[in-house]
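These notes are about the structure you will find just below.
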Amino acid sequence: MFEAVAFYLFAFLTITMFYITVTTSQALYALSALAAGMIFISAFFFILGADFLGAVQIIVYTGAVMALYAFGMMFFDTTREVHENHGNKYIVVGLATLAAVLVVVIFAAPMVSTNMQAFYPMTEGAGNTEMVGMVLFTKYLVPFEVAAFMLLVAMVAGIVLAGKKMDLSLTLMNAEEIQAIEDEKNKKVLS
Amino acid sequence: MDNAYLIETVIKVVVILLVFSALAGIGTYFERKILAFMQRRLGPMNVGPFGLLQVGADGIKLFTKEDIIPTNVVGPIFKIAPVITAATAFMAAAAIPFLPSFTVFGYEVHPIVADINIGILYVLGVMAIGLFGPLLGGMASANKFALLSAARAAAVFISYEVVTGLAALAPIMMVGSLSLIDFNNYQIENGWIVWSQPLAFILFWIAAFAETGRTPFHLIANDHEIIDGFGTEYSGMRWGLFFIGEYANMFFISFVIPIIFLGGFGDGTVLGAFALLGKMAFFFFFFLWTRAAWPDVRPDQLMWLCWKVLMPLAVINVVITGFVMMF
Amino acid sequence: MEQFNNRNVADNGYFMVDIEDYPTDGWGRFKRIIERTFRLELFVGLWVVMREMIKFDIHTISYPEEKMPIGPRYRAVHEMKRLWESDAERCIGCGLCEKICISDCIRMDTKIDEESRKEVTEYTINLGRCIFCGYCAEVCPELAITHGGEYENASDQREHFVDYEYMLTPIDTMKANAQKEFEGFGAITPHEDERVTKTPLSY
Amino acid sequence: MRAYTPKDDVQAKAYYTDRYYVAPQVPKQEVETDEVFAADLAALKTKFDVKEAFIQMKQMIVYINANDIYGVLEFLRDELTYTQLSEMSAIDWLAKDNTFEIFYQMLSMTKRKRLRIKFFINNGDAVDSVESLFRCADWSEREMFDMFGIEANNHPFMKRILLPYDWQGNPLLKTYPLEGDEFAAWYEVDKIYGKEARDVIGPEIRDTARVDRYDSERFARLGFEVPKGTKITGNEEPNKQDYQEEGGVFLVKKFTKDASKIIDDPQR
Amino acid sequence: MEIGLNHYLVLSTILFAIGLIGVMRRKNLLLLFFATEILLNAVNVGFAAISHYYGDLTGQMFAFFVIAIAASELAVGLGLLIVWHKRHGTIDLDTMTSMRG
Amino acid sequence: MAQHKVNYSQDGGLPVALTSIDKIVNWGRSNSIWALTYGLACCGIEMMASGASRFDFDRYGTIFRASPRQADVMIVAGTLTKKHAEFIKRLYDQMTEPRWVISMGSCANTGGMFNTYATVQGCDRVIPVDLYLPGCAPRPETLQYGVMLLQKKIRANKAGNAQKPKRLM
C-alpha cells in the first residue's frame, strides 16, 4: 500500500519535473526541475531496495553533475530565458513517444516474455551495499576498472578542452586586438 | 509498520525541528556573545538579562519586515531557495543518532529518526543537496554579487565533497559499515577512530568548515567582498531561513564529527550522552573560535588547498589504510 | 620630564621586526607553508583570542550608564563665559568670531547701549553648519566664547542652533564660583601622563 | 596655537590688505647658475625649440611649443632621466589673453632635480596626450578635461573623472561660481526626481548663519528640541534629555540620565 | 494494489519519451544536455526495477556504469561546449552548420 | 525641510494609541536596529568606532549589515556629494520597510562647511531623514544616543505607520 502510494506520488513528481525541464524557456527552471527530478528518481531506487544506488544517484547527479551544469549555465550566460525556434510540436511529441515505446519494447520484451534466471542472485542477509560491493569487485572488476579509466580520460579531456586559451580575455584587450581576432576568425570561416 | 513506530517517528521529527530551529536562534546569540568576549566587547546586553532576549527581538523584527521580491528575479526559484537550505539541513538530521537510546515510561526511544544502513552516505548526500540553496538563490537573484556567490558555492561544494568523502572513506573501511550506529558500536570495542585515523579526522574537520561555509572558508557570503552573497536580495524571514539553515548545518556537522571519530555517545550511559553533547559543544564553539581568530582565504587558495593538498593527503590516507588492513 | 629625557628605547618592549624575503619559487613557498604550520602561527591566533576571553578584560564603556570623561580640549557645543570679577558678560561684540568662521555659521547683532558699550542683542550659532573647528574660540580676544563638552544632541530638525542665553554661563553657577574655565588648545587631559609611551628614537 | 608674532608696531601697519595687491614674483635666476640644469637645457635646445627657461625655487621652468610636448617629455624621460611625472594640470588665463597654461612637473630620481615644462594653448585647443609615456597622466589628463575642459588627443578614455559624466561646466575655470551654477544647484533633484520636482523640493539652502527660531521644520533650538511641525511659542520649557521613556521599557535594561556616571579612568 | 515490473517499465518509457521530446525540441546545447540526462535516468529506473524484480544485481551494475558514463560525458561535453562558446560566442545548435569547426 | 510640500512626518509629536500588538512589534523592532554600512567620509570612522570594541553597538542589538535588504536604518555618515546622491536614493529604495535614516554630522545634515557646487546641501533633499546628529564628527556616544532616540521614536509610533512607505514626493 505504502509502496503503491509512494510509487504513484514519485512517478507523478518525476514526470512533472522532467516535463518542466524539456518544455520551459527559463533555463533556471530547467536546471532546478532537473535537479529535483534526479532526487525523486533516487526515491525509486530506495523503494526498489537499491539503497547504495540511490545514495550514489543523489551524490553524483545532484551533488556534482547538476552543480557542474550550473557552472556551465553561468559560463554560457544562459541563466535567463533562452530563445529557441521550434518546429512542429506535435510531430516532435509523436515521434518521441513512438521511438521511446519502440526502444523499450525491443529491449524489454524478451525479458518479460521469457522467464529469465538471475546471474547474480541477491543473497539473503547481506545488505544492498555489501552485495553491490561483492559483485562489483568480483564479476564486474574489469568493467569497473574500465569505467574508472574512462572517467580519468574524461577528466583529462575536460581540463584540456576547457583550459585551452584561458589567458585570452576579450575584456582586457583594446579595440584593435579584438578586431584582429575577429578578422582572423572571419577569414577562417570564409576561406 | 505499526502505529507506535509512526507516532514515535513523527514526535522525533517534530522535536528535532523545534529544538534545532530554537538552537539556531540561540546559536546566533552565542556567536555574538563569544565573538564579543574574544574582541573585549560585551555583546548584546540591553535586551533582557545579559541580552538573552536579543534573539526574540531579532525574530520579531525579521517576521514583521517587508518582504521584497525584486522585479527581475526568477520568482518561484527565488522563493524556494531558502526553503531548500533549511530543509536539507534538517533532512540531514534524519540519520544522525543524537543521543543513546533511553527508556521513557517503559518504552525504548531511539533518538534517531531512521537508522538506515547507509547513514554516512545519506548525510553527505543531503548536505550535497544543500548546495542548491545558495546556488539557486544566487542564480535567481538577478544580482552580480549573488551570481558570484553562487559560482563560489558550486565550486566549493563540488571540491570539498570529494575531500569529505575520501576522508570518511578510511574510517568506513575500518568499520565496514555506513551506519552511524555501527560507527558508535565499533568505537566502544576498538577505541576512538581518531587515534588510528588522525589525518582523516583533520581532513574531515577542515572540509566541514568548507561545507558549512564558516570563517576560514567564508567565501560564499562574504560581507567585505560580495555584499551578502546569495542572500543579498533576500529580506525578512526568507533571509532568516538561510540563517537557520546555516546554523542547523553547523550543529549537525558538530554532531557528525564526534560520532564518526570521537567515540560518539560511547556505550549509551548518561555519561556518554553528556560526553557527546560536550563534544558537540566543543566543535560548535570551534566554529565561532576560528571566526574570531582567523582570516578568510582567497577563493583560489581554497581551491588550491582542496585539490593540491587535502585531496592527495586523503587518497594517501585511504591507500595506507587499505594496506594496513590487508596485511 | 626627567624620565622623558633619560629614555632608552633599547628595552621597554620595542623590537625591530625582521621582514623576511618573500619566496618566489614553488619549493620555497612550500617550505614556508611547512614552516608556518609547524611554528603554529594559526594556533597562536586561536590562543590570543582565547586568552582575551578567559581574562575577560572587557574594554567596552557601557555608554548610557558610564560615560567617558570629556577632555578639556574637546570641542563640542560652544559656551559663553562671564567675568569672574563682576559676573558681567565677557563678550564685547567685536565680531571677530563671525568674521573668522570658516563655515559662516555665527550670526551676531550688536548695539551701543546707554553706557556707550557694545552690547550683544542677538547671537546664534547654527550647529547644522558648524564644524567645531575652534577658530572662534581661538580668535576671541576676551576668551568669551569657548567650547564645552556637551555631546548628546539629536533632533528631528536638520539644523540645531544655540542662542546667547543658552550658551551663557547661568548667573547662579557664577555666584557659586563654578564656572569652568576652558583650558585652551594644547591643554592636556588629566590622564595624559599615564598615556605617554616612549617613541623609539630610531622611529 | 598659532605662532606668536611680535605686535609692537601693529598699529603702524595697515591691517587691511590692498584690494589690487599683486603678490611679488618669486625671483628668477639664470639657468647657468645650476650646472645640471644648464646641461639639461643645452641638451633640450639641440632638439627642440625652447622659448624661455629660468630657475625658480631651485626648479627649472622651461617654456616650449605646444606641439613639442610629447617629444620633449619622451626626451626628458629617456635621455635626461626625468622618469617621473609627478603632476600636470592647467592654469586658467582666459580673462587675460584667452589662453590656458599647461604645466608638467617632472622629477629625476637620479639627479634629484625637479623640472617644469610649460606651454600656452588657446581656448578650445587640445593638447597631445602623454598617457603612453607616463601612465599617471591618464588620470591627470582626465582631471584636466574634467576641471578645465581641455581635451587631450590620443587619450584612451577621455571622460570626466571626478564629476559625474552628465555634468555641465568646468568647475576650476575662474568664471565658474563656487556655489555652482543653475545646473549644479538642481543636479541631484533633476537626476533623481526629474525637473518637475523642483517646485516640491525647493532650492538649496545656502544662507548658512540665518536662524529662524519659530521654524520647527528646519531648526531645533539646542536643549529645547520639539518634534517636527510643532508650533513654537518662544517660551518652551527646556527639554529634559533622557534615554528612554518614563519608567523604562519592558524587558530592556533601564537607563536614566541621572543614574549615569562618568567613569574615572578612561584607560580602562 | 501491487506495483509490478510493468509499472516501472511504463514509467521508464514515459520518462524516456520526455527525454526524447527534449532532445528533438531543444536548440540550446546546454538544455540538450539536460534532455540526455533525462534519457539516462529513465534507463536507470528500468535497470533498477528489472534488477529488483528478477533478484539479479546486473541491472544495478549497469545503472552504476550508466552514471559513470553520464559523468564522463558531462566532463567532455562541457569542455567541448566551452571551446565552442569561446570560438562562436553562442551555444545554439543552429549555429553548428560549419564542418570546419 | 521647510520647502517640502508633502509632510512625511505627520502627527509627529501627537500622542497615538498603541495596541499591545503594536507594542510587541515595536519592542522587537526598536531593539534590533540593524544598520547599513554606509560610511561616506570622516563620520564613517566614528561610525566604525561605535561598532567596535570600545563603544560596542552590539549591546543595543545593532549590527552592521552589508546588504540594504536586511538593514533597518541607514546611517548617512559623511559628505554626500552630488555624484553620489543618485546612489543614496537607490540604496534607500532598496531597503525594506520599516526603514529609518539617521543623518550623522554636519555635512550630511546641511552640507556643513562644503558650501560648494559639488555637495548636496543636506541629505534630506534626496531621502527623508528621521534623526539629525550635529557635530563634526559626532562622538560615537552621540551616535548611540541618536540610536536610543530613534528607539524611542519607533516605540512612539504605531507599528503599521512605519510600514507606510516614506516618500519625499
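Protein chains in written order, with the numbering used here: chain A, 1 to 191; chain B, 1001 to 1327; chain C, 2001 to 2203; chain D, 3001 to 3268; chain E, 4001 to 4101; chain F, 5001 to 5169. The beta-carbon is built from N, C-alpha and C at its ideal position, and this holds for glycine as well.
Worksheet item: Of all Cβ atoms in chain F, is any one closer than 7 Å to the Cβ of alanine 2137 of chain C?
Response: no
Worksheet item: Whose Cβ in chain A lies nearer than 7 Å to the Cβ of isoleucine 1118 of chain B?
Response: Asp51, Phe52, Ala55 and Thr129
Worksheet entry | Where lysine 2111 of chain C falls: helix, strand or coil (DSSP) | strand
Worksheet item: What are the uninterrupted segments assigned as beta strand (DSSP E) that are 3 or more residues long and contained completely in the segment 1103-1143 of chain B, given in chain order?
Response: 1107-1109
Item to complete: Taking glutamate 1233 of chain B and asparagine 1143 of chain B to be in contact with their CB atoms under 8 Å, please state how far apart those CB atoms are, rounded to whole angstroms.
Response: 5 Å
Item to complete: Could you confirm whether any beta carbon from chain B is found closer than 7 Å to the beta carbon of lysine 3261 of chain D?
Response: no
Discussion item. Counting only C-beta atoms, is leucine 3107 of chain D closer than 7 Å to chain B at any point?
Written reply: no
Item to complete: Find the residues of chain D that neighbour methionine 1045 of chain B, judging by a C-beta separation of less than 8 Å, and give them in chain order.
Response: Lys3253
Fill in: Chain-ordered neighbours of cysteine 2105 of chain C on chain D, where CB pairs are closer than 7 Å
Thr3208 and Ala3209
Practice prompt. Measuring only between beta-carbons, confirm whether glycine 1048 of chain B sits less than 7 Å from chain D.
Written response: yes
Discussion item. Against alanine 28 of chain A, what residues of chain E qualify as contacts under a CB-to-CB distance less than 8 Å, listed in chain order?
Written reply: It should be pointed out that residue 28 of chain A corresponds to leucine in this sequence rather than to alanine. The premise fails here: leucine 28 of chain A is roughly 11 Å from chain E at the closest Cβ pair, so nothing lies under 8 Å.
Worksheet item: Nearest to isoleucine 3091 of chain D by CA position, among D:Tyr3082, D:Glu3101 and D:Asp3097, is which residue?
Response: D:Glu3101
Discussion item. Let me check understanding here. Comparing Cα to Cα, which of B:Phe1105, B:Leu1052, B:Phe1261 and B:Phe1327 lies closest to alanine 1170 of chain B?
Written reply: B:Phe1261
Worksheet entry | 9 Å Cβ cut-off: residues of chain F touching alanine 1057 of chain B | Trp5027, Gly5028, Arg5029, Ser5030, Asn5031, Ser5032 and Gly5061
Worksheet item: On the three-pair Cβ rule with 8 Å, is the segment 1147-1157 of chain B touching the segment 1177-1190 of chain B?
Response: no
Worksheet item: What is the rounded straight-line gap between the Cα of glutamine 5163 of chain F and the Cα of alanine 1146 of chain B?
Response: No answer about glutamine 5163 of chain F holds up, because its pLDDT of 49 lies below 50 and its placement is not dependable.
Discussion item. When you compare the CB positions of leucine 1276 of chain B and phenylalanine 1285 of chain B, do they come within less than 7 Å of one another, or not?
Written reply: At the C-beta level, leucine 1276 of chain B and phenylalanine 1285 of chain B stay beyond 7 Å of one another.
Item to complete: Taking only the alpha-carbon atoms, compute the straight-line gap between methionine 155 of chain A and serine 4072 of chain E and give it to the nearest angstrom.
Response: Distance between methionine 155 of chain A and serine 4072 of chain E, taken at the CA atoms: about 7 Å.
Worksheet item: Given valine 1055 of chain B, which residues of its chain have a CB within under 8 Å of its CB, disregarding the five upstream and five downstream residues?
Response: Gly1025, Ile1026, Thr1028 and Tyr1029
Discussion item. Taking 6 Å as the limit between beta carbons, can you name the residues of its chain near methionine 3144 of chain D, skipping five residues before and five after?
Written reply: Ser3089, Ala3090 and Ile3150
Item to complete: Using a Cβ cut-off of 9 Å, pull out every chain A residue sitting near threonine 4013 of chain E, in sequence order please.
Response: Thr97, Ala100, Val101, Val103, Val104, Val105 and Ala108
Worksheet entry | Nearest to cysteine 3136 of chain D (by Cα), restricted to the options D:Glu3087, D:Ala3184, D:Gly3124 and D:Pro3171 | That would be D:Glu3087, whose Cα lies nearest to the Cα of cysteine 3136 of chain D.
Discussion item. So within the segment 5009-5086 of chain F, which uninterrupted alpha helix (DSSP H) runs reach at least 4 residues, ignoring any that extend past its ends?
Written reply: 5020-5030 and 5042-5051
Worksheet entry | Within 7 Å of chain D by C-beta, residues of the segment 2062-2078 of chain C in sequence order | Pro2064, Glu2065, Glu2066, Lys2067, Met2068, Pro2069 and Val2077
Worksheet entry | Residues sharing a beta bridge with methionine 5104 of chain F, DSSP | F:Ala5077 and F:Leu5133
Worksheet item: Who are histidine 2160 of chain C's beta bridge partners in DSSP?
Response: D:Ala3220
Practice prompt. For glutamine 5121 of chain F, name the three-state secondary structure that DSSP assigns.
Written response: coil
Worksheet item: Between leucine 1310 of chain B and the rest of its own chain, which residues show a CB-CB distance below 6 Å, the 5 nearest in sequence each way excluded?
Response: Here leucine 1310 of chain B has Val1163 and Leu1203 as same chain residues with Cβ atoms under 6 Å from its own Cβ, once five neighbours each way along the sequence are excluded.
Item to complete: Report yes or no: is there a C-beta of chain C within less than 7 Å of the C-beta of glycine 5051 of chain F?
Response: no
Item to complete: Could you tell me whether the Cβ of valine 5129 of chain F comes closer than 7 Å to any Cβ of chain D?
Response: no
Discussion item. Quick check on valine 1010 of chain B: buried or exposed, where buried means 16 or more other Cβ atoms within 10 Å of its Cβ?
Written reply: exposed
Fill in: Backbone CA spacing between alanine 1151 of chain B and glutamate 1211 of chain B [nearest angstrom]
14 Å
Practice prompt. Provide the residue span of the beta strand (DSSP E) that contains tyrosine 2123 of chain C, from first to last.
Written response: 2118-2126
Worksheet entry | Strand pairing of isoleucine 3055 of chain D, partner residues [DSSP] | D:Gln3029 and D:Met3060
Worksheet item: Is alanine 43 of chain A helix, strand or coil when you go by DSSP?
Response: In the structure shown, alanine 43 of chain A sits in a helix (DSSP, three-state: H, G or I).
Worksheet item: Assuming leucine 3044 of chain D contacts valine 3036 of chain D under a Cβ cut-off of 8 Å, what Cβ separation, rounded to an integer in Å, is found between them?
Response: 13 Å between Cβ atoms; not a contact.
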